[in-house]
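A quick write-up on the structure given underneath.
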Amino acid sequence: MRRRACCGACWPRRSDAAPLPARDGLSESLVDPALSFLSGSGAEVRFGSRLRALDFADGCVSGLLFEQSALVLRPEDSVILAVPAAVAARIVPGLIVPDDYAPIVNAHFRCGLPPGGPLFAGIIGGTAEWVFRKREVVSVTVSAADRIVARSADELRETLWRDVTLAFGLPAGATPPARIVKERRATFRATPAQEMRRPAAGTVWPNLHLAGDYVDTGLPATIEGAIRSGFAAAARVHQRRTRVPAANAGPAPTRQTPTPIEECQRALP
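The opening position of the sequence shown corresponds to residue 1497 in the numbering used here, with each subsequent residue numbered one higher.
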């Protein structure tokens, strides 16, 4: 009854709540198509070019400083800064961002699960929380992993694989090869104090826009929140390109431009 009422209140149609798991992985499902689209649209994708600083002039961002090169911006150019919150705070003057983070631990086992099982499963009462079945890899995720992040990789490998065998009814045996990944600053903690530190997509510089899961989107630190922030930033760039400059424009605002509520509530396509 509770599940039915919740689904009916949040998602009127059954199809609105249908899960869409990545068939192979997030790279194949999200990153590779995005890179293909950008390349097909004439964009130049540069890897290994870390942004070190921004140049500012006349109330706008005027240049991008990389490790071994620099890019001078034209007046009509816009910048969408999609970097981690800590990096954004370092290169954007006066930017306030969340600063209290929770770790996530992931384990990737080189093995397969019996066919016919679920693509992913949630585990209650164990150390592992989520198990994802891929072609030749079984991935385990533990969020808010403060209690286990300091454990050794060998201990985590044995503990998490034990949960997988219990959840999927696998026979006892040797633990398969695994890679343990610890992200100590994975997501900001969803506390009232940290929520107050989330910046809007717009900044005091009209050609600088922020994107990332830490931006104030109405969602917690999730992939969906990051995508929503990207839509909001792209919408601002489009508005700037199509807006006719005022003849007597006033000075730049002294605080961040708030993100309209309709942009925060934008549904993913």
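Positions of the beta carbon are idealized from the N, C-alpha and C atoms, including for glycine.
The structure displayed is predicted, hence computed values, not measured ones.
### Message
Quick check on the DSSP output: what are the complete alpha helix (DSSP H) runs of length 4 or more inside the segment 1665-1706, in order along the chain?
### Response
1688-1691
### Nearest to Q1735 (by Cα), restricted to the options G1521, W1657, D1573, A1549
Indexing the sequence shown from 1 puts residue 1735 at position 239. D1573 is the residue among G1521, W1657, D1573, A1549 whose C-alpha sits nearest the C-alpha of Q1735.
### Task
Take S1635 and list the residues in its own chain whose beta-carbon comes closer than 6 Å to its own, dropping the five residues that flank it on each side.
The residue given as residue 1635 occupies position 139 in the sequence shown. Same-chain partners within the cutoff: H1604, F1628.
### Task
Just grab the DSSP bridge partners of Y1710 for me.
Locating residue 1710 in the sequence shown gives position 214, counting from the first residue. Under DSSP, Y1710 forms no beta bridge with any residue.
### Query
In terms of alpha-carbon separation, which member of T1699, R1675, S1725 lies closest to P1589?
Translated into positions along the sequence shown, residue 1589 becomes position 93. Taking each of T1699, R1675, S1725 in turn and checking the Cα distance to P1589, the smallest one comes out for T1699.
### Message
Checking 8 Å against the spacing of the C-beta atoms, do R1548 and F1533 come in under that value?
### Response
Here residue 1548 is taken as the residue at index 52 of the sequence shown, counted from 1. Here residue 1533 is taken as the residue at index 37 of the sequence shown, counted from 1. Judged by their CB atoms, R1548 and F1533 are not nearer to each other than the 8 Å cut-off.
### Message
Using 8 Å for Cβ pairs, my map puts P1517 next to F1616. What's the rounded Cβ distance?
### Response
Looking up residue 1517 in the sequence shown gives position 21. Looking up residue 1616 in the sequence shown gives position 120. That pair is a contact at about 6 Å.
### V1733 versus R1724: straight-line alpha-carbon distance, rounded
As a working mapping, residue 1733 is identified with position 237 in the sequence shown. As a working mapping, residue 1724 is identified with position 228 in the sequence shown. Going from the Cα of V1733 to the Cα of R1724 covers about 15 Å.
### Query
Does DSSP put L1516 in a helix, a strand or coil?
Locating residue 1516 in the sequence shown gives position 20, where the first residue counts as 1. It is coil, neither helix nor strand.
### Message
Going by beta-carbon coordinates alone, are S1558 and F1552 separated by less than 8 Å?
### Response
On the sequence shown, residue 1558 is found 62 positions in, with the first residue counted as 1. On the sequence shown, residue 1552 is found 56 positions in, with the first residue counted as 1. Contact: yes.
### Message
Are the CB atoms of A1624 and V1638 within a distance shorter than 8 Å?
### Response
Residue numbering aside, residue 1638 sits at position 142 when the sequence shown is read from its first letter. Residue numbering aside, residue 1624 sits at position 128 when the sequence shown is read from its first letter. Cβ atoms of V1638 and A1624: closer than 8 Å.
### Query
Is the segment 1694-1708 in contact with the segment 1663-1670, if contact means three or more CB pairs nearer than 8 Å?
no
### Message
Quick test of your reading: R1606 and V1583, contact by CB under 8 Å. State the CB separation rounded to the nearest angstrom.
### Response
Residue numbering aside, residue 1606 sits at position 110 when the sequence shown is read from its first letter. Residue numbering aside, residue 1583 sits at position 87 when the sequence shown is read from its first letter. Not a contact, Cβ separation roughly 32 Å.
### Message
Applying the 10 Å Cβ sphere with the 16-neighbour rule, what's the burial state of A1743?
### Response
Looking up residue 1743 in the sequence shown gives position 247. Legend: pLDDT at A1743 = 34, less than 50; position of this residue unreliable, value from coordinates given subsequently. Looking at its Cβ environment, which holds fewer than 16 other Cβ atoms inside 10 Å, A1743 is exposed.
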